[in-house]
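**Q** One structure is given below, represented as structure tokens, and several questions about it will come after.
Residue numbers (this note's numbering): 874 to 1027.
Okay, here's the thing in structure tokens:
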């Protein structure tokens, strides 16, 4: 077995030497573009130093930094200008609809209008759209209510 391993190593060295000659003939042996000037692969590369561990002093220094309200299981704070003041927006689903109107694009809201199949939900959505000044979308939602077979009683 030792002789076959020795024979294999000799064959390997001969193959490597033949490959080097071919690379030299092609002018690629010491070409930095091809990366043959230095060995690629394992080891030899620079490694980044490990990041230092966070100390208690560093944690205390970031005490005043703003933290995510979502991670603290708290409601998001909306600017005053975005909170509707209309009394027409009431009900259990109105809060969710308000958030949708504030965060979704008009195109997404338009798609949402035509996906709603419950009449009471769509009526509430019309009120929220009107309260937020989205009159064109409110009109489209009213049309969707009409298509559902109900007269819009708002």
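Ideal Cβ positions, reconstructed from N, Cα and C, are used throughout, including at glycine.
Closest by CA to residue 1006, which one among 906, 974, 895?
**A** 974
**Q** Span of the alpha helix (DSSP H) holding residue 926?
**A** Here residue 926 belongs to no alpha helix (DSSP H), and DSSP marks it neither H nor E.
**Q** Which of the three DSSP states is assigned to residue 880 in this structure?
**A** helix
**Q** To the nearest angstrom, how far is it from the Cα of residue 1018 to the Cα of residue 976?
**A** 23 Å
**Q** Along the chain, where does the alpha helix (DSSP H) that runs through residue 1016 open and close?
**A** Residue 1016 -> alpha helix (DSSP H) spans 1008–1020.
**Q** How would you write the range of the alpha helix (DSSP H) that residue 978 sits in, first residue to last?
**A** Segment: none, residue 978 is in no alpha helix (DSSP H) and carries neither H nor E.
**Q** Alpha carbons only, please: which of 890, 993, 947 is nearest the one belonging to residue 1021?
**A** 993
**Q** Could you tell me the boundaries of the alpha helix (DSSP H) in which residue 995 lies?
**A** Looking at the DSSP string, the run of the alpha helix (DSSP H) that includes residue 995 is 992–1004.
**Q** Mapping the DSSP letters down to three states, classify residue 887 as helix, strand or coil.
**A** Secondary structure at residue 887: helix, using DSSP grouped into helix, strand and coil.
**Q** Exposed or buried, residue 997, counting other C-beta atoms within 10 Å across all chains shown (16 or more means buried)?
**A** buried
**Q** Near residue 1032, which residues of its chain fall below 8 Å by C-beta distance, leaving aside the five closest residues on each side in sequence?
**A** What the structure shows of the chain is the stretch from 874 to 1027, and residue 1032 is not part of that stretch, so it cannot be assessed.
**Q** With a CB to CB cut of under 8 Å and the five nearest residues on each side skipped, what residues in its chain are close to residue 893?
**A** 902
**Q** Around the C-beta of residue 1012, are 16 or more other C-beta atoms found within 10 angstroms, so that it is buried, or is it exposed?
**A** exposed
**Q** Would you call residue 970 buried or exposed, if buried means 16 or more other Cβ atoms sit within 10 Å of its Cβ?
**A** buried
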